[in-house]
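Peer 1:
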Amino acid sequence: MKTNPELFSWEMLENGGKTRWDGVRNYQARNNLREMKPGDLAFMYHHGPEPGVVGIMKIVSESYDDPTSSEGNWSVVDVEPIKKFERPVSLDEIRYTPVICILPLVNQPKLSVMPVSQDQWDLMLKIGKTSI
DNA sequence: GCCAACGTTGGC
DNA sequence: GCCAACGTTGGC
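Mapped onto our numbering, the consecutive letters of the first sequence carry residue numbers 12 to 143.
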């Protein structure tokens, strides 16, 4: 799940606890949100000057209507911080590592919420020297 | 500022 | 339904 750290960073999530992941305005990303179930885990990705995966979140709600949208058919989920990466996994590392380099993160700038396979998940944790 | 990717819009 | 034009995201 991508975020602009100037607007909403890992630190803000840790300080604030449970947070509504709102503002998604892309149908494919929305559909990915709707696939999520309470208890699912997700990566937080910071875009900007130092793009990379910075931490692990837990989905703590079913998807529900986005209260920040007055029109349209948009969804949100609630998330909680679980663990910050021991070291962030940079976009370059993702790009040049087989298995995770095929994530849409690398070449689909408009998709802000995307699925991660078990293999990709495990490898990301390994590169980030992090376990849950 | 430029560019790749790709979603959306609207003419036909 | 097709496709050109345009807009948005986000890396660089």
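Heads up, the beta-carbon is just placed ideally off N, CA and C, and yes, glycines get one too.
For clarity, every value in this text was computed on a predicted model and none was experimentally measured.
1. Whole-angstrom Cβ separation of Gly27 and Thr79, contact assumed at under 8 Å?
2. Grab me the residues of Met125's own chain with a C-beta within less than 7 Å of its C-beta, minus the 5 sequence neighbours each way, in chain order.
3. Name the DSSP bridge partner or partners of Ala144?
4. Could you name each continuous beta strand (DSSP E) segment of 3 residues or more that falls completely within the segment 52–140, going from the start of the chain to the end?
5. Between Thr141 and Asp89, how many whole angstroms is the CB-CB distance? I'm expecting something under 8 Å.
6. Can you check whether the CB of Ser123 is closer than 8 Å to the CB of Lys13?
7. To which residues of the same chain is Lys94 closer than 8 Å at the C-beta, ignoring the five residues directly before and after it?
8. My assumption, with CB atoms under 8 Å, is that Ser101 sits in contact with Gly59. Please give the rounded CB distance.
9. Determine whether the beta carbon atoms of Met55 and Leu18 lie at a separation below 8 Å.
10. For Trp132, tell me which candidate among Lys121, Gln119 and Val110 has the shortest Cα-Cα distance.
11. In the DSSP output, which residue or residues are listed as bridge partners for Trp32?
Peer 2: Reading off the structure:
1. Working through the first sequence from its first residue, we reach residue 27 at position 16. Working through the first sequence from its first residue, we reach residue 79 at position 68. That belief does not hold up - the Cβ atoms of Gly27 and Thr79 are roughly 16 Å apart, past 8 Å.
2. Position 114 of the first sequence holds residue 125. Closer than 7 Å at the Cβ level, and outside the excluded window around Met125, lie Asn43, Leu114, Pro115 and Leu116.
3. Since the first and last residues shown for the chain are 12 and 143, residue 144 lies out of range.
4. 52–57, 63–70 and 86–101
5. On the first sequence, residue 141 is found 130 positions in, with the first residue counted as 1. On the first sequence, residue 89 is found 78 positions in, with the first residue counted as 1. Their Cβ separation, rounded to whole angstroms, is 23 Å, which puts Thr141 and Asp89 out of contact at 8 Å.
6. Along the first sequence, read from residue 1 onward, the residue named residue 13 stands at position 2. Along the first sequence, read from residue 1 onward, the residue named residue 123 stands at position 112. The answer is yes: Cβ separation under 8 Å.
7. Numbered from its first residue, the first sequence carries residue 94 at position 83. Only Gly66, Ile67, Thr141 and Ile143 meet the Cβ criterion.
8. In the first sequence, counting from the first residue as 1, residue 101 sits at position 90. In the first sequence, counting from the first residue as 1, residue 59 sits at position 48. Not a contact, Cβ separation roughly 12 Å.
9. Walking along the first sequence from the start, residue 55 turns up at place 44. Walking along the first sequence from the start, residue 18 turns up at place 7. The answer is no: Cβ separation not under 8 Å.
10. Here residue 132 refers to the residue found at position 121 when the first sequence is read from its first residue. Ranking Lys121, Gln119 and Val110 by Cα distance to Trp132 puts Val110 first.
11. Here residue 32 is taken as the residue at index 21 of the first sequence, counted from 1. Bridge partners of Trp32: Val88.
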